[in-house]
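Chemist:
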Amino acid sequence: MLKIGISGVRGIVGPSMTPTLVMDFASAFGAFVDRKPVVLARDTRVHGPMLRAACVSALLSSGCDVIDLGICPSPILQKTVRRVKAGGGLAVTAGHNDIQWNALTFIGPDGASLNPFQGQEVLDLYHLRDFEKAATDGLGRLSTPPESSFIDPYFDDLRAFVDADSVRQARFKVVIDACAGAAAPYLRRFAEALGFDLIPINDEPNGFFPHDPEPRPRNAAQTVSVVRAIGAEAGFLLSSDAGRVSLVSETTEALSEEFTFPLIADAILSRRCGPVITTYSTSRMIEDVARAHHCPLSRTRVGPAHVFLAVGQDDAVLAGEGSGAVAAPAFQPAFDAFLSMALVLETMARSGKRLSALVGQLPRYHIVKEKIYCPASRLHGVIGGLAKAFHGRDIDTGDGLRAEDKDGWVQVRASGTEPMLRIIAEDKSRDRARAKVDKILQTVEQMI
Amino acid sequence: MKKNATLKISISGARGIVGESLTPQLAATLAQAFGTYVGGGPVLVGRDARPSGIMLSEAVTAGLLSVGCRPVDVGILPIPSFLFLTKATKSAGGIAVTASHNPKQWNGLKFISRNGLYLNPLQTEEYLDIYHQAAFDFTPPAKYKNVQVRADAGEAHLRRLLDRFGSAAVKRRGFKVAIDCNNGAGAPLAPRFLRELGCEVVPLYCEPNGEFAHDPEPTPENIPDVCAAVKSTGADIGFVQDADADRLAVVDEKGRPIGEELTLVLAARHVLSRRKGSIVCNLSSTRALDDIARACGVKLFRTKIGEINVVEKLLSAKPKAVIGGEGNGGVIDPEIHPCRDSFAAMGLILEALAAGRRPVSTLVSSLPRYVLIKDRIEGSAERAHRLIALLKKRYEKAGSVSLLDGLKVDFPDHWIHIRPSNTEPIIRILAEAKTAAGARKALATLKSEIAVNLKKL
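From first to last, the protein sequence lines are chains L and U. So for the first sequence, the working numbering puts the first residue at 183; every next one is plus one. So for the second sequence, the working numbering puts the first residue at -4; every next one is plus one.
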């Protein structure tokens, strides 16, 4: 199982995701950054050391110095790329995918995911296979900087960006589930930076995920029970690379990951008004928040490559996806769960409102998400055929098919990471959203 | 003319030029084949001090992990310590990133079996079958192992060496020893070993950074610095290790290299003075060894070139072998481990020095002396074999011919040997005689025969 595209290479580790494949991609990236230093990090997955070693070897061979941060959350890697003025970054992480998966994600010199044009260039270099091979005297050098040299500057920046004093005074009790992922070693450091009482769970960075590392209600059982047991004000679930976060309220409600983005949008847009970027698959809630701040909103295809291309083009002040991924470009152009958590706490502290009350202020929509297997070779054919099911409606083809109506929207698109079709509908009525999704599911099943 | 291959995958492992033939992808694939061959388990990964070592050891690590092995990173380690540790830790095998005495732009992989020996030709064949068929046992994600780092990797070997050589006889003498590690894998273990033997150490190039201070082949013309150091400090003896510390060259107390051929002769005579047993060496090693064997009344066995060939004979020889090695300064002391070991060589020679109570130059002058000239011509193995077939016809009647490895012809007062290199696309030619003039003449005759026969190819 392998998925190669402009956002990197992703697959189930085994016969298709091999050391040589990883090396070929890392070599292509080495050619892309043209012998400039590359910052490398990985999440805690058990096969991470294999991919890391393959990347180190290929990058050194490409003449790139490698700054290896070891197990490190992607947002901290991305910040480090910019701070040390590296040629780029390479994150060995499959984010929210289950434990069998791993991936290489490429970061540009600005700390953002490569945009589609840059991603295509790496892909072209990969296909060309004419990799740079440095002779002995031109090989890169490997360095492993001490943790404090990249962790401290990150949390110093974070503390300066958010209203840490308000958070500190509120003395929140907060549960964070690191899912044994890359954030696990740094939770305490995060809590110290903001001054809250941390109750960490699954904070051994051993890569044995206690549940799928996808932040969403169905994986929140442990967090919910700890929030209940100790009466915490908030619970957070992180993806394995700490890019995404979903929330559990003090009333022990596991909130849909869709809430993360609109909930903290207010905190960012009240700092500075400006364009907001989201994807075609994200809830309408953000539209209401953006409207309240008189900020323009535009939608892109799903995936950081597309989102951060638009962020750069529009000079956006806020970007986010319905998956619990949020970025404030003024902090850094990267999805960042630490920043997201800090802004949730800041919002709670400044407003004096509980998390459940903040969520209650948001317009309630019901989102139904389904996915169905579809052979990779047929994904786009099936989507094309589905156009009929949208008969007579105004179809947006920016990412698969998407149609709006007065109470909601429905979308079907090819997954960026798996051979799956994703079908998403949102409506004020749960039943109507369900019906929209079911109708498309039925049609797809008939087609394949 | 055909292009010479800059990559050699043979019984001696894989060797190539970094930046050309020896890529991360190739190293990882070879490691996958080896990991599949040993069937998982702990596999030691070590390297000599070459700057390209990290790049290749990371590639090897990735390859081993992908087939379910647990790489044990032992860092920069002398190859004899590496072989010793493979066996001592009951590992499934080992991969050493080293190109021995090749120039800096070269590097390579050596594959080691669970008993701490290089893969023999049959094992190499089996393992290369896996490589060529690309039949790798990629491990499922859940069964991945992690890398283990071993910081004290040299200790096991050092302790064993000190058990054997740390006797009062050597320590009491307090030798002054100049040691040139050429910034290779022998540093910093070598100075420590010598100090533990009670020596006052004059260290030269003992930074394991792989920036060779001189050509890594420890032949007399490459080691003037240690010769000068011996003279200026009044040392009793000088030692030079090659880049992976399996071979040793010796400099006498007057600062003169004794010639790497005599390292084994010196060590063998000492061992046989204590204990009788067979000597095993390869076809190209000096006749002085035959003289020593005869004088001591023991058997001498000669094998094909390649350390593993000497080692396998050493392990099977009857009567039991007590010493073995190669004429290039490689001494094998089976009491330590059946591999070429510059540390064991130093230990044996210091023992000989302590026992003889005479300076090195006197010890050496009492050895049988021959002059061996080594030369080479460009050419692939395939070309060498066609050439050898022609030369065989020419020499059949002139002397006693061996085709065990290339062509070796023994005459009453000299011998000649021509064979393809196992590690480089060159043809090695050697001639040994009692005198320099005799050796030069034998070599000149051989070269003119080669020139004549090359035209027939």
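Even for Gly, the Cβ is constructed at its ideal location relative to N, Cα and C. These numbers were taken from a predicted model, which means no experiment stands behind them.
(1) Taking C-beta to C-beta, are residue 131 of chain U and residue 30 of chain U nearer than 9 Å?
(2) Is it buried or exposed for residue 310 of chain L, if we count other Cβ within 10 angstroms and need 16 for buried?
(3) Tell me where the beta strand (DSSP E) around residue 593 of chain L begins and ends.
(4) Between the C-alpha atoms of residue 319 of chain U and residue 135 of chain U, what's the straight-line distance to the nearest angstrom?
(5) Could you check whether the Cβ of residue 128 of chain U sits closer than 9 Å to any Cβ belonging to chain L?
(6) In whole angstroms, what separates the C-alpha of residue 355 of chain U from that of residue 148 of chain U?
(7) What does residue 196 of chain L reach in chain U if we use C-beta pairs closer than 9 Å?
(8) From the DSSP output, in three-state form, read off residue 491 of chain L for me.
(9) Step through the CB atoms of chain U and report whether any lies within less than 9 Å of the CB of residue 231 of chain L.
(10) Which same chain residues, not among the five before or five after residue 99 of chain U, have their C-beta less than 7 Å away from its C-beta?
(11) Cutting at 7 Å between CB atoms, please list the residues of its own chain near residue 395 of chain L, excluding the five before and the five after it.
(12) Could you list which residues in chain U have their beta carbon closer than 9 Å to that of residue 610 of chain L, in chain order?
(13) Mark residue 391 of chain U as exposed unless 16 or more other C-beta atoms lie within 10 angstroms of its C-beta, in which case mark it buried.
(14) If contact is defined by three or more beta carbon pairs under 8 Å, each pair taking one atom from either stretch, is the region 160 to 174 of chain U in contact with the region 56 to 72 of chain U?
(15) Counting contacts by CB-CB distance shorter than 9 Å, is residue 35 of chain U in contact with chain C?
(16) Below 8 Å on the Cβ atoms is my contact criterion, and I expect residue 264 of chain U with residue 232 of chain U to pass it. Report the Cβ-Cβ distance as a whole number of Å.
(17) Indicate whether residue 254 of chain U and residue 146 of chain U have their beta-carbon atoms separated by less than 9 Å.
(18) Quick check: what's the CA-CA separation for residue 295 of chain L versus residue 337 of chain L?
(19) For a quick check, are the C-beta atoms of residue 503 of chain L and residue 484 of chain L less than 9 Å apart?
(20) Does at least one heavy atom of the ligand ZN sit under 8 Å from the Cβ of residue 99 of chain U?
(21) So which residues of chain L does residue 27 of chain U contact, with C-beta pairs closer than 9 Å?
(22) Report yes if the C-beta distance between residue 239 of chain U and residue 95 of chain U is below 9 Å; otherwise report no.
(23) List the whole-angstrom C-beta distance separating residue 580 of chain L from residue 565 of chain L, where the pair is believed to meet the contact cut-off of C-beta under 8 Å.
(24) Between the region 80 to 109 of chain U and chain L, which residues of the former have CB atoms less than 9 Å from a CB of the latter, in chain order?
(25) Could you compute how far the alpha carbon of residue 451 of chain U sits from the alpha carbon of residue 374 of chain U?
(26) Leaving out five residues on either side along the sequence, give the residues of the same chain with a beta carbon under 7 Å from the beta carbon of residue 446 of chain L.
(27) How about residue 220 of chain L and residue 212 of chain L: do their beta carbons lie closer than 9 Å?
(28) Taking a Cβ distance cut-off of 7 Å, strictly less, list which residues of the region 231 to 258 of chain L are near chain U, in chain order.
(29) For residue 137 of chain U, count neighbouring Cβ atoms within 10 angstroms of its own Cβ and tell me buried if that reaches 16, exposed if not.
(30) For a contact defined as C-beta to C-beta under 7 Å, what are the partners of residue 282 of chain L on chain U?
(31) Determine whether the beta carbon atoms of residue 188 of chain U and residue 341 of chain U lie at a separation below 9 Å.
(32) Alpha helix (DSSP H) containing residue 453 of chain L: first to last residue?
(33) Note the first and the last residue of the continuous alpha helix (DSSP H) segment covering residue 469 of chain L.
(34) Kindly list, in the order they appear in chain L, the residues whose Cβ is closer than 7 Å to that of residue 349 of chain U.
(35) Tell me the DSSP bridge mates of residue 3 of chain U?
(36) Identify every run of the alpha helix (DSSP H) within the region 182 to 262 of chain U, keeping only runs that are complete inside it and at least 4 residues long; order them along the chain.
Modeler: Let me lay it out:
(1) Counted from its first residue, the second sequence places residue 131 of chain U at position 136. Counted from its first residue, the second sequence places residue 30 of chain U at position 35. Result yes, Cβ atoms of residue 131 of chain U and residue 30 of chain U sit closer than 9 Å.
(2) Looking up residue 310 of chain L in the first sequence gives position 128. With fewer than 16 neighbouring CB atoms inside 10 Å of its own CB, residue 310 of chain L falls in the exposed class.
(3) Taking the first sequence and counting its residues from 1, one reaches residue 593 of chain L at position 411. First-last of the beta strand (DSSP E) with residue 593 of chain L: 590 to 596.
(4) Residue 319 of chain U sits at position 324 when you count from the first residue of the second sequence. Residue 135 of chain U sits at position 140 when you count from the first residue of the second sequence. Roughly 44 Å between the two C-alpha positions.
(5) Position 133 of the second sequence holds residue 128 of chain U. Answer no: the Cβ-Cβ gap between residue 128 of chain U and chain L never drops below 9 Å.
(6) Residue 355 of chain U sits at position 360 when you count from the first residue of the second sequence. Residue 148 of chain U sits at position 153 when you count from the first residue of the second sequence. Whole-angstrom Cα-Cα distance: 32 Å.
(7) To locate residue 196 of chain L, count along the first sequence from 1; it is residue 14. Neighbours of residue 196 of chain L on chain U, chain order: 61, 133, 134, 135, 136.
(8) Within the first sequence, the letter at position 309 stands for residue 491 of chain L. Reduced to three states, the DSSP call for residue 491 of chain L is helix.
(9) As a first step, residue 231 of chain L is located in the first sequence; it is residue number 49 there, counting from the start. Against chain U, the CB of residue 231 of chain L has a partner CB under 9 Å away; the residue lies at that interface.
(10) For the purposes of this step, residue 99 of chain U is identified with residue 104 of the second sequence, where counting begins at 1. Within the same chain, residue 99 of chain U has close Cβ partners 45, 207.
(11) One-based indexing of the first sequence puts residue 395 of chain L at position 213. The residues are 278, 361, 363, 421, 422.
(12) Walking along the first sequence from the start, residue 610 of chain L turns up at place 428. Going along chain U, no residue has its Cβ under 9 Å from residue 610 of chain L, so there is no contact; the nearest lies around 42 Å.
(13) Within the second sequence, residue 391 of chain U is the residue found at index 396, counting from 1. Burial state of residue 391 of chain U is exposed, judged by a 10 Å Cβ sphere holding fewer than 16 other Cβ atoms.
(14) Because the criterion of three Cβ pairs below 8 Å is not met, the region 56 to 72 of chain U and the region 160 to 174 of chain U do not touch.
(15) Here the protein chains are L and U, and chain C is not one of them.
(16) Position 269 of the second sequence, counted from the start, is the residue given in the question as residue 264 of chain U. Position 237 of the second sequence, counted from the start, is the residue given in the question as residue 232 of chain U. Actually they are not in contact, since the Cβ atoms of residue 264 of chain U and residue 232 of chain U sit about 16 Å apart, beyond 8 Å.
(17) On the second sequence, position 259 is the one that residue 254 of chain U refers to. On the second sequence, position 151 is the one that residue 146 of chain U refers to. At the C-beta level, residue 254 of chain U and residue 146 of chain U stay beyond 9 Å of one another.
(18) Residue mapping note: residue 295 of chain L aligns to position 113 of the first sequence, counting from 1. Residue mapping note: residue 337 of chain L aligns to position 155 of the first sequence, counting from 1. Residue 295 of chain L and residue 337 of chain L: Cα-Cα distance of roughly 21 Å.
(19) For this step, residue 503 of chain L is matched to residue 321 along the first sequence. For this step, residue 484 of chain L is matched to residue 302 along the first sequence. Between residue 503 of chain L and residue 484 of chain L, the gap from beta carbon to beta carbon is short of 9 Å.
(20) Among the components of this structure there are no ligands whatsoever, and the ligand ZN is therefore not found.
(21) Numbered from its first residue, the second sequence carries residue 27 of chain U at position 32. Contact annotation for residue 27 of chain U against chain L: 200, 201, 202 [CB-CB distance below 9 Å, chain order].
(22) Translated into positions along the second sequence, residue 239 of chain U becomes position 244. Translated into positions along the second sequence, residue 95 of chain U becomes position 100. It is a contact, given that the beta carbons lie within the stated cut-off.
(23) For the purposes of this step, residue 580 of chain L is identified with residue 398 of the first sequence, where counting begins at 1. For the purposes of this step, residue 565 of chain L is identified with residue 383 of the first sequence, where counting begins at 1. In fact, because the Cβ distance is near 12 Å, the residues do not count as touching under 8 Å.
(24) Cβ contacts with chain L: 99, 100, 101, 102.
(25) Taking the second sequence and counting its residues from 1, one reaches residue 451 of chain U at position 456. Taking the second sequence and counting its residues from 1, one reaches residue 374 of chain U at position 379. In a straight line, the C-alpha of residue 451 of chain U is about 15 Å away from that of residue 374 of chain U.
(26) Locating residue 446 of chain L in the first sequence gives position 264, counting from the first residue. Closer than 7 Å at Cβ, skipping near neighbours: 508, 522, 525, 526, 529.
(27) Within the first sequence, residue 220 of chain L is the residue found at index 38, counting from 1. Within the first sequence, residue 212 of chain L is the residue found at index 30, counting from 1. Between residue 220 of chain L and residue 212 of chain L, the gap from beta carbon to beta carbon is short of 9 Å.
(28) Per Cβ criterion, the list reads 231, 232, 235, 236, 238, 239, 240, 242, 243.
(29) Start at 1 with the first residue of the second sequence, and residue 137 of chain U comes out as number 142. Exposed.
(30) Translated into the one-based positions of the first sequence, residue 282 of chain L becomes position 100. Residues of chain U with a Cβ closer than 7 Å to the Cβ of residue 282 of chain L are, in chain order, 136.
(31) The residue you call residue 188 of chain U lines up with position 193 of the second sequence. The residue you call residue 341 of chain U lines up with position 346 of the second sequence. Judged by beta-carbon spacing, residue 341 of chain U lies within the 9 Å limit of residue 188 of chain U, meaning their Cβ atoms are closer than that value.
(32) As a first step, residue 453 of chain L must be located in the first sequence, where it is residue number 271. No residue range can be given for residue 453 of chain L, since it is assigned to no alpha helix (DSSP H) and is classified by DSSP as neither H nor E.
(33) Here residue 469 of chain L is taken as the residue at index 287 of the first sequence, counted from 1. That run of the alpha helix (DSSP H) goes 467 to 474.
(34) As a working note, residue 349 of chain U is residue 354 in the second sequence. Per Cβ cutoff of 7 Å: no residues; residue 349 of chain U is ~41 Å from chain L at best.
(35) For the purposes of this step, residue 3 of chain U is taken as the residue at position 8 of the second sequence. The partner list for residue 3 of chain U (beta bridge, DSSP) reads U:10.
(36) Entirely contained in the region 182 to 262 of chain U, the alpha helix (DSSP H) runs reaching 4 residues are, in chain order, 184 to 191, 219 to 228.
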